[in-house]
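In terms of this note's numbering, the sequence shown opens at residue 124 and continues consecutively.
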Amino acid sequence: MKKYLLILLLALSACTHFEPQIATQSVYYQDAEVSLSQLMVYSRPEKPHYGPISALFYPFHVTQTMYKGSDWGQRVAKGIWQNWTGLQVFPSMVYDDNLIYRGLDEALFTARSRGYDLLVVGFVPYLYLGHTMDDSAVSVQVKIYETKRGQLVCSFEQSGRIEKKMDDDFIFVKREHRMPDSAFYKIIQAIASDMAVPLTSWARYENTNQGMVAGLMPNMVQMQSPPQNGNTIPQSTPTQQEQPVAKHATPKAAPAPVQSTTQAPKAQSKPRSINLAVQFDVDSSQIKPESYSLLNELGKALISDRLKDKRIVIGGHTDSDASPEYNFKLSKERAESVKKYLTDNFPIAPQRIGTTGFGESNPLVPNTTKYNKLLNRRVQVSIAP
């Protein structure tokens, strides 16, 4: 019997959460795990989407009555946004905690006017935080809308729980169930990772020639040009002050009816372009060998039947680490390097390809983090007008 107890103690001592004691009872710590419900997918696209996608995240709305519910809604949305950013679910994702969700129409208008392709909103129907003393549970609903038409693209719902368990006493060994410092954060990260799985199979970044052709062809989804300042300019008939009328003048015919100010402007074609994560040496226009396969896919796309008669423009983009003048020059040189690679390795006439440099002037996301800077360092390929 003593032999088996000794073997058990030695085995447990190999665990990092085991504290063997001579005079007192030894303690084994077991971290509490997240228990997730089945992910409910109410709506999702049937076919993958090729082309750059940008998404605006709204703070989520906590539907239950609780103290500082809006603050917790912000934390849920920000946690999911951070998780999806790390997983690169969409090429460009922005979370704005200054926004307040007042309804779908207003949120769609805001996302559309800012030029985003998708709107991400969410609801928290249940939230209970026991911290380290009790169970914690969160239920989250996430809905993703396409901003041009306001159509629902994806809809998910899932719940997560961390249960506070009683300690187990085995006479010689005691097992204590240890709650995480932030059960809320751990649950949100688990839910976000689960929801990201169907999204990553839908939103594919341009790394195949089929995806590049789809992203550049003008018969793909076209976005409506957003207002410059996010506000519509009302139209109205001239007032009497603007067009004074003589006191005894003969009345004129009634003016033609003015179109409603809420009528959507005519849809316009957005220039078709794709962003490629071409890698270069530091402070150099030398293309890294690991990007050759990506450029080979671009070359195949440009000589395909659907694009072989199109002129393209290659633009280079940088982050904001150096001066604007240096970044502009470097981005132009990198665009020239991509053009040279394509014309040297594929039957593409040099006059089909124009080049330009944008430097740091057109970031996809703010240059505030290392990950954001990585997204902004890119090569943009566009169909020439």
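For glycine and all other residues, C-beta sits at the position ideal for the given N, C-alpha and C.
{"query": "First and last residue of the uninterrupted beta strand (DSSP E) at Gln-281", "result": "275-285"}
{"query": "Contacting residues, own chain, Cβ-Cβ under 7 Å from Thr-270 (five flanking each side not counted)", "result": "Leu-231, Ala-234, Arg-235, Tyr-239, Asp-240, Leu-241 and Leu-242"}
{"query": "Delimiting residues of the alpha helix (DSSP H) encompassing Tyr-415", "result": "415-425"}
{"query": "Buried/exposed call for Arg-225, threshold 16 Cβ in 10 Å", "result": "exposed"}
{"query": "Beta-carbon gap between Ile-311 and Val-263 smaller than 9 Å", "result": "yes"}
{"query": "Integer-rounded CB distance, given that Ser-282 should sit under 8 Å from Ala-260", "result": "7 Å"}
{"query": "Cβ-based neighbour list, Pro-473, same chain, cut-off 6 Å, excluding 5 preceding and 5 following", "result": "Thr-466"}
{"query": "Bridge-paired residues (DSSP) for Thr-478", "result": "Ile-437"}
{"query": "Ser-436 vs Ile-476 beta-carbon contact at 9 Å", "result": "Note that residue 436 is Val in the sequence shown, not Ser. Result yes, Cβ atoms of Val-436 and Ile-476 sit closer than 9 Å."}
{"query": "Cβ pair Gly-439, Ile-471 closer than 9 Å", "result": "no"}
{"query": "Where Gly-498 falls, given that 16 or more other Cβ within 10 Å makes a residue buried", "result": "The amino acid at residue 498 is misidentified as Gly; the sequence shows Leu. Answer is buried; the Cβ neighbour count reaches 16."}
{"query": "Beta-carbon gap between Ser-414 and Leu-453 smaller than 9 Å", "result": "no"}
{"query": "Range covered by the alpha helix (DSSP H) that runs through Ser-236", "result": "227-236"}
{"query": "Residue burial classification, Ser-392 (beta-carbon count within 10 angstroms, cutoff 16)", "result": "Bear in mind that a pLDDT of 48 at Ser-392, under 50, signals an unreliable position, so the number given afterwards is only what the model happens to contain. Exposed, because fewer than 16 other Cβ atoms sit within 10 Å of the Cβ of Ser-392."}
{"query": "Status (buried if at least 16 other CB within 10 Å, exposed otherwise) for Ser-460", "result": "buried"}
{"query": "Boundaries of the beta strand (DSSP E) in which Phe-180 is found, first to last residue", "result": "177-180"}
{"query": "Per-residue burial, Ile-223 [other beta carbons within 10 Å of its own, 16 or more giving buried]", "result": "exposed"}
{"query": "DSSP-derived helix/strand/coil call for Gln-351", "result": "Because Gln-351 carries a pLDDT of 35, less than 50, the predicted location of this residue cannot be relied on, and the following value inherits that uncertainty. In this structure, Gln-351 counts as coil in the three-state DSSP scheme."}
{"query": "Segment limits, beta strand (DSSP E) that includes Tyr-165", "result": "163-166"}
{"query": "N- and C-terminal bounds of the beta strand (DSSP E) containing Pro-248", "result": "241-251"}
{"query": "Straight-line gap, Phe-213 to Gln-402 (C-alpha atoms, nearest Å)", "result": "19 Å"}
{"query": "Per-residue burial, Ile-426 [other beta carbons within 10 Å of its own, 16 or more giving buried]", "result": "exposed"}
{"query": "Sequence-distant residues of the same chain with beta carbon closer than 6 Å to His-184, five excluded per side", "result": "Gly-196, Tyr-224 and Phe-246"}
{"query": "Bridge partner(s) assigned by DSSP for Leu-399", "result": "Val-502"}
{"query": "Buried versus exposed, by CB contacts within 10 Å (16 or more), Asn-450", "result": "buried"}
{"query": "Short Cβ contact (9 Å threshold) for Asp-404 with Ala-445", "result": "no"}
{"query": "Lys-462 beta carbon less than 9 Å from that of Thr-478", "result": "yes"}
{"query": "Closest Cα partner of Tyr-218 within the set Tyr-181, Ser-484 and Gly-253", "result": "Tyr-181"}
{"query": "Residue environment, Asn-468, which counts as buried when at least 16 other CB atoms sit within 10 Å", "result": "exposed"}
{"query": "Neighbourhood of Ser-396 by C-beta distance below 7 Å, restricted to the same chain and skipping five residues each side", "result": "Gln-503, Val-504 and Ser-505"}
{"query": "In DSSP terms, what Glu-269 is bridged to", "result": "Leu-241"}
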